[in-house]
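>
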Amino acid sequence: MWLWVLAGLLLILISTPGDVHAEVVSSQAKSAIPLWYTRAEAKYGVHWSLLAGLDVYGATTKPPAGVTRPQGVPMFISGYRFSQHEWQGLFNPVENDLNAKRIRLFDGRGVDGDQDGKADQNNPYDRVSAIAAWLRQGGPTEQDQSNELWKQFENGTSVERILALSHVFKYFGTTQLNERMFPVHKRYSYSYRDTWGEGRNFGGRRIHEGTDIFASYGTPVLSTCYGYIELIGWNRLGGWRIGLRAADNTYFYYAHLSAYARGIRQGVIVRPGQVLGYVGSSGYGKPGTSGKFPPHLHFGIYKDTGTREWAFDPYPLLKQWERKPQTVINPPKKEANIQPKRPVT
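Sequence positions in the sequence shown follow mature numbering (1 follows the signal peptide of the UniProt record, and there is no 0) and run -22 to -1, 1 to 323.
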């Protein structure tokens, strides 16, 4: 039973190429894609990146009623899971049935993905093959398969995030996108302390959900992860802000910017160290308000439960990332930095 788990873990630990362009998957990158995804893609015609995106979302959000998830295993093994009734068939009389033929007889989702005679949801080959078979029922295109996701989740935000995460995996050609980087250029002067939970009054009494990193106007602000720009534009409290969702479904919030780097817009895929914008003092008012406080980056981290997002203290992680090497990816010099002329929602 553990042989396929160990084999999958070895594949997950293989290194990732440093520069993979959109839609191009090198042979080295392919070795970093767990085999259960590529085998399911070959058999069912569902792109491995969509399967990986669904697994990340399933593993990082609260499971629906009737779904149990193993603890302490990597997200690409835990992944998205069916309820036991969905897996074995609603009227199947055998509790926790693993018999692939009987499961098929009772119209269950379970599939024997590795041809061992069992349909075991704790086996990633079986689980991912079952997901691919289900999505393929909708049709051969990504739109067809996203329609199946809509039917299952009945939540537009969930489906949009699954598809966006899949596009990140597809762009970089690997599931190994775990790198983190300090969000302010370390060659500039900056300072910060743990300000989590401190009181704030503007906009009503509330607590501070993040860490303030003080730096001079124009200090480059960097992507801390592989991911995509989920939100960008004006926020009454945060001013010119960016919402960045990482490949592991963690949400990073950058606030009080003075400007965005050229080319940074909603939906853009980014990597660690890429310049997103520049430190400022925007916010606490209508669009364009600035200077109500010293320039700094407000940096927040949020976890998605599937129904809401909750913040946690970024300070301990910032101290870890600060000690790591930092490679900065600057925007092209010939392209000027711009600030939106109107709010983007």
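For each residue, glycine too, the CB sits at the ideal point set by N, CA and C. These numbers were taken from a predicted model, which means no experiment stands behind them.
Measuring CB to CB, does residue 325 end up less than 8 Å from Tyr204?
Any question about residue 325 goes unanswered here, given that the chain covers just -22 to 323.
> Helix, strand or coil for residue 325 per DSSP?
This structure gives no information on residue 325, because the portion of the chain shown stretches from -22 to 323.
> Would you say Pro250 lies against chain B (beta-carbon separation less than 8 Å)?
Reference to chain B is not applicable here, since this structure consists of a single protein chain.
> Excluding the 5 residues preceding and the 5 following Val137 in the sequence, name in chain order all residues of the same chain whose CB lies nearer than 8 Å to its CB.
Ser124, Leu127, Trp128 and Phe131
> Excluding the five sequence neighbours on either side, which residues of its own chain have a C-beta within less than 7 Å of the C-beta of Pro309, listed in chain order?
So the list reads Ala239, Arg240, Gly241 and Val253, once near-sequence residues are dropped.
> Run through DSSP, which three-state label would Asn100 get?
Asn100: coil per DSSP, three-state reduction.
> Give me the DSSP bridge partner(s) of Pro198.
Tyr256
> Just curious, the beta strand (DSSP E) that Asn213 is in, first and last residue?
Counting along the chain, the unbroken beta strand (DSSP E) around Asn213 starts and ends at Gly205 to Asn213.
> By the DSSP assignment, the beta strand (DSSP E) with Thr228 in it spans what residues?
Thr228 to Tyr238
> Please look up how many angstroms separate the CB atoms of Pro273 and Ala193, rounded, as I've assumed it's under 8 Å.
Correct: roughly 7 Å between the Cβ atoms.
> Are the CB atoms of Tyr58 and Asp33 within a distance shorter than 8 Å?
Inclusion of Asp33 and Tyr58 in the CB contact set at 8 Å is warranted, their separation being smaller than that value.
> What are the boundary residues of the beta strand (DSSP E) that Trp299 is part of?
Not the beta strand (DSSP E): Trp299 falls in the alpha helix (DSSP H), residues Tyr293 to Glu300.
> On the criterion of 16 or more Cβ atoms from any shown chain inside 10 Å, does Gly258 qualify as buried, or is it exposed?
buried
> What do you get for Thr228, buried or exposed, if any count of 16 or more other CB atoms within 10 angstroms of its CB means buried?
buried
> Any chance you could list the alpha helix (DSSP H) runs of at least 4 consecutive residues sitting entirely within the stretch 38 to 125, in chain order?
53 to 56, 62 to 66, 78 to 83 and 102 to 114
> Does the Cβ-Cβ distance between Phe277 and Pro292 come in under 8 Å?
yes
> Give the range of the beta strand (DSSP E) segment to which Ser169 is assigned.
Tyr168 to Tyr170
> Can you give me the Cβ contacts of Glu64 inside the same chain, cut-off strictly under 6 Å, excluding the 5 residues immediately before and after it?
Contacts found: Arg87.
> Can you give me the start and stop residues for the alpha helix (DSSP H) that Arg17 sits inside?
Leu13 to Tyr22
> Report the rounded CA-to-CA distance for Asp98 versus Thr46, giving the unit in angstroms.
Computed Cα separation, rounded: 13 Å.
> Of the choices Phe230, Gly269 and Gly245, whose alpha-carbon is the least far from that of Phe290?
Phe230
> Roughly how far, in whole angstroms, is the beta-carbon of Gln66 from the beta-carbon of Ile81, given that I think they are within contact range, below 8 Å?
5 Å
> Counting C-beta neighbours from all protein chains within 10 Å, is the total for Arg158 16 or more, i.e. buried, or is it exposed?
buried
> Return the CA-CA distance between Gly151 and Glu19, expressed in angstroms with no decimal places.
14 Å
> Could you check if Gly95 is buried or exposed, using at least 16 other CB atoms within 10 Å of its CB as the buried criterion?
By the Cβ neighbour-count rule, Gly95 is exposed, with fewer than 16 other Cβ atoms within 10 Å of its own.
> Report the rounded CA-to-CA distance for Ser260 versus Asn74, giving the unit in angstroms.
56 Å
> Who does Glu287 pair with in a DSSP beta bridge?
Asp282
> By how many angstroms is the C-alpha of Asn70 removed from the C-alpha of Gln6?
The pLDDT assigned to Gln6 is 39, lower than 50, so where the model puts this residue is not dependable, and the model offers no usable value.
> Quick check on this structure: which residue in Tyr170, Ser61 and Ala37 has the alpha carbon closest to the alpha carbon of Gly50?
Of Tyr170, Ser61 and Ala37, the residue nearest in Cα terms is Ala37.
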